[in-house]
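Step one of this worksheet: look at the structure below.
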Amino acid sequence: MGMEVRIQVSDPDSEFRGFVVVNDFVDGRAMGGTRMTPQVDLQEVAGLAEAMTLKLALAGLPIGGAKAGIVCGLPSGPERDRQLTAFGQAVAPLLRNGVYLGCDQGISYRDRDYFFEAAHFDMQRDSPVDLPCSWSELWDKCHEITGFGVCEAVTAAAEQLGLDAVCRTVAIQGFGTVGRAVATGLRGRGFTVVAVADRHGTIADPGGLDVDALLRATDEYGTIDRGAISPGVTCADTADAWLDVAADVLVLAAGGDAITTDNVDRVRAAIVVEGGNLACTPPACDVLALRGVPVLPGIVVNCGGAAVTGLLLLGAAPVGASVEELVDWLFAQVGDRVRGNITELLDRAAVQTRPLYRIADDLARERLADRERKLIPA
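Shown next, in the form of structure tokens:
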């Protein structure tokens, strides 16, 4: 990896404060999501940017990793939009010169389009591929792509580990875009969703939740209206009640450090999945590995949105494809990449007996080194 660039941005008028970290450039390009939380700081953004570099390497995409953070916990409304406008204006030179900043925790596709407009950045105009539809329309059709990749990882891992017959229930921590896509995707593959958690607590039913009813009761930021859910379910308002639900698979699809050494002993699942970035701390992963519980790393499983963006930025999409053909191709690309990496990861784990995050990190750095060697003339 090359030289890292760290930028702090602010606007006194709107009280906006944020950060951008570019961990690496490849041919002048870098990309990553934008996180909007009250707690985000420069150190967190830097860690996420490095993880993005590794994620893109594993996905086979020659683009450097980046990440942005906006320090804000405001609800939807004019004041929050002022923050997005200030952010877009601040990062406009980056967006227009090879650094793509998209969605992450707290930032919806609508939010991304809002700060793109403030930056006068037109993704379709600046893309090397002639899309058959607008960028927004394409994302409307691909909004479940990251969750789809998580589902591919879960089913591939369960099959390879010989657990596909016994791992049939799932708990999902986080019910934003990724969490909702995981719920519908795994339900479609025969899993029973027994718990979901949002910022207000955990909703659970050991017999299975009505996923469609939950989706109807959820806003775009993943908050579930308790007054609109089915009767008979359990609602707990403690922050980590999802840990106490009996489920074969636990998908972490919210913020980082959801599982630490302080709560790892409460994990009851046979498989833990990092649907969000850096969701399980390395020491907690080590503890789970000793217990024989695999933690599928985020840099492998949640690459869907990054892969779609990267493929389009690189001009890799099929020329002349219709909207439906392009969407099908993108989903197939993500599925193939996730399944291939899960297979290689678990093959290595069978002989190395190390936590999966360490093996994934090594595999990503091997691919980065291979790419560097190919760039250096003989």
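When the letters of the sequence shown are read in order and numbered with the numbering used here, they come out as residues 114 to 491.
We put the beta carbon where it would ideally sit given N, CA and C, even for glycine.
For V283, three-class secondary structure by DSSP: Three-state result, V283: strand.
Candidates V134, E437, G173, of which the one nearest D253 by Cα: If we check each option's Cα against that of D253, E437 comes out closest.
V212, enclosing beta strand (DSSP E) - first and last residue: From DSSP, the beta strand (DSSP E) with V212 extends over 212 to 216.
Minimum C-alpha distance to I183 - residue among L169, G190, A199: Taking each of L169, G190, A199 in turn and checking the Cα distance to I183, the smallest one comes out for A199.
Neighbourhood of A326 by C-beta distance below 8 Å, restricted to the same chain and skipping five residues each side: Hits under 8 Å: A341, I342, S343.
Limits of the unbroken beta strand (DSSP E) element including S123: Per DSSP, S123 belongs to the beta strand (DSSP E) from 118 to 124.
is_contact[F228, chain C] using C-beta, thresh 8 Å: The structure shown contains no chain C, having only a single protein chain.
Residue interval of the alpha helix (DSSP H) (run including F234): Premise fails: F234 is in no alpha helix (DSSP H) and is neither H nor E.
Classification of C280 by the beta-carbon crowding that lies within 10 angstroms, buried from 16 upward: Of the other Cβ atoms in all chains shown, 16 or more fall within 10 Å of the Cβ of C280; this residue is therefore buried.
Closest Cα partner of V133 within the set P125, V153, S127: Checked all of P125, V153, S127; the closest Cα to V133 is V153.
F200: first and last residue of the uninterrupted alpha helix (DSSP H) it sits in: Element bounds for F200: 191 to 208.
Residue range of the unbroken alpha helix (DSSP H) whose run includes D441: Where D441 is concerned, the enclosing alpha helix (DSSP H) stretches over 436 to 465.
P410, buried or exposed, once every other Cβ within 10 Å from all chains shown has been counted against 16: Answer is buried; the Cβ neighbour count reaches 16.
Per-residue burial, Q218 [other beta carbons within 10 Å of its own, 16 or more giving buried]: Classification for Q218: buried.
Beta carbon of V377 nearer than 8 Å to that of F261: Taking a C-beta distance under 8 Å as the contact criterion, V377 and F261 do not qualify as a contact pair.
Beta-carbon separation (whole angstroms), Y213 vs T422, contact threshold 8 Å: Between T422 and Y213 the Cβ distance is about 6 Å, and since that is below 8 Å, they are a contact.
M116 classed as buried or exposed, judged by whether at least 16 other C-beta atoms fall within 10 angstroms: In summary, M116 is exposed, with fewer than 16 beta-carbon neighbours lying within 10 Å of its beta-carbon over all protein chains present.
Rounded separation between A159 and T394 - CA only: A159 and T394 have their C-alpha atoms roughly 16 Å apart.
Which listed residue (V263, V408, L459, Q286) has its alpha carbon closest to that of A366: The shortest C-alpha separation from A366 is found at Q286.
Where C416 sits in the DSSP three-state scheme: Coil at C416, not helix or strand.
Same chain, Cβ closer than 6 Å to E333, neighbours up to 5 away in sequence not counted: Result list for E333: S221, in chain order.
Own chain residues within Cβ distance below 6 Å of R74, not counting five before or after: What is shown of the chain runs 114 to 491, which leaves residue 74 out entirely.
Cβ neighbour criterion (16 or more within 10 Å) applied to E485: Exposed, since its Cβ has fewer than 16 Cβ neighbours within 10 Å.
Bridge-paired residues (DSSP) for R130: According to DSSP, which records beta bridges pairwise, R130 is partnered with S123.
Extent of the continuous alpha helix (DSSP H) run through D399: In this chain, the alpha helix (DSSP H) harbouring D399 covers 395 to 403.
Nearest-angstrom Cβ-Cβ length linking A308 and A271, presumed shorter than 8 Å: That pair is no contact at about 18 Å.
Whole-angstrom C-beta distance between I412 and A164, which should lie under 8 Å: About 6 Å; that satisfies the 8 Å criterion.
Extent of the continuous beta strand (DSSP E) to which D361 belongs: Per DSSP, D361 belongs to no beta strand (DSSP E) and is neither H nor E.
Cβ-Cβ distance between L274 and A231 below 8 Å: Between L274 and A231, the gap from beta carbon to beta carbon reaches 8 Å or more.
G298 versus G292: straight-line alpha-carbon distance, rounded: One C-alpha to the other measures close to 10 Å.
Rounded C-alpha distance that separates G321 from C398: It is roughly 28 Å from the alpha-carbon of G321 to the alpha-carbon of C398.
Contact test: N210 Cβ vs the ligand FMN heavy atom, cutoff 7 Å: Judged by which ligands are present, the structure shown has none, so any question about the ligand FMN falls away.
Residue(s) in a DSSP beta bridge with E387: In DSSP, E387 forms a bridge with L365.
Rounded C-alpha distance that separates L161 from F229: When rounded, the distance between both Cα atoms is 21 Å.
Buried or exposed (CB count within 10 angstroms, at least 16 for buried), D137: The residue in question, D137, is buried, as its Cβ has 16 or more Cβ neighbours within 10 Å.
Rounded Cβ spacing between V414 and A203 (contact assumed at less than 8 Å): Not quite, the Cβ-Cβ distance comes to about 32 Å (not below 8 Å), so this is no contact.
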